[in-house]
Each structure stands twice: as structure tokens, then as C-alpha cells.
Amino acid sequence: MAAQLKQDLNVEAELIIGKSGEFTVWVDDRKVAEKTWSGFPDPDDVVDAVREASAG
Numbered sequence: 002m003a004a005q006l007k008q009d010l011n012v013e014a015e016l017i018i019g020k021s022g023e024f025t026v027w028v029d030d031r032k033v034a035e036k037t038w039s040g041f042p043d044p045d046d047v048v049d050a051v052r053e054a055s056a057g
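Those letters in the sequence shown? Residues 2 to 57, by our numbering.
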């Protein structure tokens, strides 16, 4: 995911170890994507969410 964010948006992602199975994407103080009971978000959806949050 970090590599895709770098490639698509030229964004450096900071990876922080969380609780087991946790996957949450933050832009500044705003949560833009996270893992749910149904699984991980689609990588393209995460890139789109980061793009949108970064633009506004």
C-alpha cells in the first residue's frame, strides 16, 4: 500500500504498528480508510481517499 501511494500520489506513508489485524489510513487527523469485518479496503479506493483528503 505504501508503495502504491508513493507511485500514484508521490506520498510518503508512515507505517505504524498497531494492534493485531489493524489497518487504518490517516491523512493528518482524518481517518480516510480502514479494515472492516469484511476485510481490507481495495488499494485503489485507499489511493482515491488519500487523494481526496489531500486535496481538501
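Cβ atoms here follow ideal geometry from the backbone N, Cα and C, with glycine treated the same way.
Paired residues, beta bridge with residue i - DSSP
i, result
"residue 32", "27"
"residue 40", "37"
Run of the alpha helix (DSSP H) containing residue i, from where it starts to where it stops
i, result
"residue 55", "44–56"
"residue 7", "3–10"
Chain C contact for residue i (CB, 8 Å cutoff)
i, result
"residue 14", "No chain C appears in the structure shown, which is made up of a single protein chain."
Distance between beta carbons of residue j and residue i, contact taken as under 8 Å
i, j, result
"residue 10", "residue 48", "6 Å"
"residue 55", "residue 26", "Wrong, their Cβ atoms sit about 12 Å apart, outside the cutoff."
"residue 44", "residue 8", "Between residue 8 and residue 44 the Cβ distance is about 11 Å, and since that is not below 8 Å, they are no contact."
Cβ neighbour criterion (16 or more within 10 Å) applied to residue i
i, result
"residue 34", "buried"
Own chain residues within Cβ distance below 7 Å of residue i, not counting five before or after
i, result
"residue 21", "none"
Any non-hydrogen atom of the ligand HEM closer than 7 Å to residue i Cβ
i, result
"residue 40", "As presented, the structure is devoid of all ligands, the ligand HEM included, so that no description of it is given."
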